[in-house]
């Protein structure tokens, strides 16, 4: 039994310690906004925040999240930066199929918390772990700049 | 998928589709007068009924529902897999309805070919970049009909003439008396009225939504807060997750298996062997309470496979055979003039061979499908791209009537063609697993999920191809002959579309884009070899045959321009006298890219170059100019792509731009990285580490320009893809003098 704090709420989970956080979130807590894409930290679709840091939940065991704050896409809008990023994504109509975008947004929020005014190169380097097969990258870059501007 | 558009009506019955007669659109004097198909809304049984609205809702036809609160729900007959179909279909309805865009929602329509068939296919399905093209009048008519009924209801209520009533942004108003009502207030009364048999559509000059930026995507909110539901996310009470073990070679069979260790994994509920078919895997599936347990259980299975009938060649051997085939004359796909005579003594000869690998679609959401079996029925939840085919094949497998198979269309996390499988491979696999489970007494809804590795190795790739090209120019640099031999597996052979897509040994999708070459050339011959003994399952992949034909044709014409010592744009332009829309996009892209100005030079040691390509696919015309920088060590990047597109009336200009941007990125992934290879029949790639796709750091800046047009709208999901790779290859040649003729491109150019 693991106790996790997810989006500010405490959850008792009867899952194996080595179950990746991704599957605990999706299949047990039923927070399905966080997506499975590769299972190997290669695509970033599963990105969530652990104590504010962007991590890949598909390779993070539940045991590593005990005692830490887990934040998922479902609650990122409650955060000032998170809200600004979501708004920028909507203003630009970034999404296409949308499957990777939860992870994109979680990575973008982490970037903007570290770097309030990222350059294109900063964005490319911070976001290159997040694959978008629809290749919405042009708009992701633009939306991150927009969010940075709106937060300034 | 890019098919069926050529299907004659008489052939459509071959795939078991009832061909419902539809009154044809009639051109009348007072604008467009429409005969409207309207039938009582009967859905397929219990599950589908849940999709119907409340009783008081107004449903003037199969595509529009207006709730008492004024919400307009558009029933989308096409899948939303990223290309903006939901937004586009809703735009067409909302335009004629004069709805308030912020009150418009979209729901996926159920499987019902009679009502929701693709008018370009004669059956229900999404592909071939047809969603908006085939729906343009149908959806507008649906909106106009609903509007007319709301207006009639208001006229009756207020005792005024309908002609005195206007509708604007969801408000019905009688100007003279100042009375007004929202759609919701009139919905119940409108539902009681007869459906008008004729409605007049707007003059395009009066459009307020079509062609504007006033229609943001309907799925942006849900796809940015985690609430959008994909198959991966959908659950039913008591549902089990199934992860299957597939053979490593196509066509292998299960001999025996030991599931002892699999059953020890906590959460595993059962293990079943499931039947396959000639075109889909058989295997062993582990059913569990969650995905992690199912995948751990699957990995713990010990299976003995029989590879004796499996396909066991490697990619190199396949390509060597294709090269040999290209030495011989193939089936003639197109011919005019006399190429043999023209090549007898050419002043200049251009010869080039092109190689194309298998490509996986690699949608971000791996294939999956949720199945609930009942007595004599089957309910499916899926990012459903080809309802009629899946419904038919599932019904055949189960031995039940197609109408007892319901399909609920969820968002698809990408597809690029994969979810419209001509043999319903992964859908039938899910059903087979559920059947096997039920036989073992496990009577639960089953969600089959492929892990990334299963998806990458799952077959149904864009076929490998080999192209040999020969061009002849005369002493004046005029193109006088064009001869191509293409070698590759046929996508259509063995499918329900074979009878009308394969003629005289030529699969139309193998040669599309080459056999109908746009350039004026007096002598042309395009031949095709279709090896039929390659056991790798293949399928359409975003832009189908154009994925390879655009590359060879646009690189060949570029080589010819260089051989003729002419500017690549001017050379093409002169040969497009019969193709004004090709010329239109070529002129626009050249202007916007500043083709007549020298390219800004690179830094110390850098070489810069630019290249152009123009190609028609799915009745849309796209030209692109790529700008590249080559470093001293031979590495390179694509800096910028300027794109011009002519897709007729631009229904949603921002969606069109997004599809061009995305198509460019998707095509660049294939040009730089995409390659599925086999060794002794075993796929060598597994995940994004060895099947690389495009990441943000490789994405060029993209500029999209849309040709203003009053032509009927055509597709945009696929046409942005074909010109990109040749434009980049031509740009790299411009920078370095090196021709790239093998995809994916070499990582570094010769220094």
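Protein chains in written order, with this note's numbering: chain G, 1 to 152; chain F, 153 to 903.
Backbone N, C-alpha and C define an ideal beta-carbon position, used for all residues, glycine too.
Please read these numbers as outputs of a predicted model, since none were measured by experiment.
Contact with chain F by residue i, beta-carbon distance below 7 Å
i: residue 12(G); result: no
i: residue 104(G); result: no
i: residue 90(G); result: yes
i: residue 128(G); result: yes
i: residue 133(G); result: yes
i: residue 70(G); result: no
i: residue 53(G); result: no
i: residue 19(G); result: yes
i: residue 100(G); result: yes
i: residue 58(G); result: no
i: residue 138(G); result: yes
i: residue 124(G); result: yes
Any C-beta of chain G under 7 Å from that of residue i
i: residue 385(F); result: yes
i: residue 444(F); result: yes
i: residue 520(F); result: no
i: residue 848(F); result: yes
i: residue 536(F); result: no
i: residue 516(F); result: yes
i: residue 851(F); result: yes
i: residue 813(F); result: yes
i: residue 899(F); result: no
i: residue 794(F); result: no
i: residue 151(F); result: In this structure chain F extends from 153 to 903, so residue 151(F) is not present and cannot be described.
i: residue 854(F); result: yes
8 Å Cβ shell around residue i - same chain, five flanking residues per side excluded
i: residue 505(F); result: 475, 478, 618, 619, 620, 621, 893
i: residue 336(F); result: 218, 219, 220, 221, 222, 223
i: residue 40(G); result: 58, 59
Contacts around residue i, its chain only, beta-carbon distance under 6 Å, and the 5 residues preceding and following it disregarded
i: residue 400(F); result: 834
i: residue 802(F); result: 363, 808, 858
i: residue 682(F); result: 642
i: residue 855(F); result: 794
i: residue 147(F); result: No statement about residue 147(F) is possible, as the shown extent of chain F runs from 153 to 903 and does not include it.
i: residue 742(F); result: 721
i: residue 472(F); result: none
i: residue 229(F); result: 261, 268
i: residue 142(G); result: 92
Cβ neighbours of residue i in the same chain (closer than 7 Å, five flanking residues each side left out)
i: residue 674(F); result: 489, 632
i: residue 769(F); result: 665, 695, 698, 870, 871, 874
i: residue 243(F); result: 361, 362, 367, 803, 804
Chain B contact residues for residue i, given Cβ-Cβ distances below 9 Å
i: residue 93(G); result: Within the model displayed, chain B is absent; protein chains G and F are what it includes.
Would you say the region 462-476 of chain F touches the region 827-844 of chain F, given that touching needs at least three Cβ pairs under 8 Å?
-> Counting C-beta pairs closer than 8 Å gives three or more between the region 462-476 of chain F and the region 827-844 of chain F, which meets the contact rule.
Alpha helix (DSSP H) segments (min. 4 residues) lying fully within the region 588-630 of chain F | Qualifying alpha helix (DSSP H) stretches, in chain order: 604-608.
Mind listing which residues of the region 356-384 of chain F have their C-beta closer than 9 Å to chain G's C-betas, in chain order?
-> If you check each beta-carbon in the region 356-384 of chain F against every beta-carbon of chain G, the ones closer than 9 Å belong to 368, 369, 371, 372, 373, 374, 375, 376, 377, 378, 379, 380, 381, 382, 384.
Mind checking the region 73-87 of chain G against chain F and listing, in chain order, the residues whose C-beta falls within less than 7 Å of any C-beta there?
-> 73, 74, 77, 86
For the region 218-235 of chain F, which residues have a beta carbon sitting closer than 9 Å to at least one beta carbon of chain G?
-> Considering only beta carbons, the part of the region 218-235 of chain F lying closer than 9 Å to chain G consists of 232, 233, 234, 235, in chain order.
Give, in chain order, every residue of the region 819-845 of chain F whose Cβ lies closer than 8 Å to some Cβ of chain G.
-> Residues of the region 819-845 of chain F with a C-beta atom less than 8 Å from some C-beta of chain G are 820, 821, 839, 840, 841, 845, listed in chain order.
In chain order, what residues of the region 24-45 of chain G put their CB closer than 9 Å to some CB of chain F?
-> 24, 26, 27, 28, 30, 31, 32, 33, 34, 35, 36, 37, 38, 39, 40, 42, 43, 45
Proximal residues, the region 561-595 of chain F versus chain G, C-beta separation under 9 Å | 563, 564, 565, 566, 567, 568
Okay, do the region 649-664 of chain F and the region 725-735 of chain F touch, 3+ Cβ pairs below 8 Å being the bar?
-> no
Pick out the complete beta strand (DSSP E) segments inside the region 248-283 of chain F, 3 residues or longer, and give them in chain order.
-> Segments of the beta strand (DSSP E) lying fully in the region 248-283 of chain F: 256-260.
Touching by the beta-carbon criterion (3+ pairs, under 8 Å), the region 40-53 of chain G and the region 87-107 of chain G = yes
Mind listing which residues of the region 394-422 of chain F have their C-beta closer than 7 Å to chain G's C-betas, in chain order?
-> 418
Of the residues that make up the region 741-757 of chain F, which ones have a beta carbon closer than 7 Å to any beta carbon in chain G?
-> none
Inside the region 317-362 of chain F only - beta strand (DSSP E) runs reaching at least 3 residues = 317-320, 323-326, 331-334
Complete beta strand (DSSP E) runs within the region 635-685 of chain F (minimum length 3 residues, chain order) | Runs found: 675-681.
For the 8 Å Cβ check, are there 3 or more pairs between the region 403-410 of chain F and the region 529-536 of chain F?
-> No: the two stretches stay apart, fewer than three of their Cβ pairs being nearer than 8 Å.
Is it a yes or a no for the region 449-456 of chain F touching the region 411-425 of chain F, going by three-plus beta-carbon pairs under 8 Å?
-> At 8 Å Cβ cutoff, the stretches touch.
Examine the Cβ distances between the region 569-577 of chain F and the region 284-298 of chain F and report whether three or more of them are shorter than 8 Å.
-> no
Run through the region 529-591 of chain F for me and flag every whole beta strand (DSSP E) of 3 or more residues, listed as ranges in chain order.
-> 529-534, 557-561
Unbroken alpha helix (DSSP H) runs of length 4 or more, entirely within the region 700-767 of chain F: which are they?
-> 720-726, 732-745
Residues, ordered as in the chain, of the region 591-620 of chain F that lie near chain G by beta-carbon distance below 7 Å = 603, 604
Counting pairs of beta carbons, one from the region 372-384 of chain F and one from the region 559-573 of chain F, are three or more of them closer than 8 Å?
-> yes
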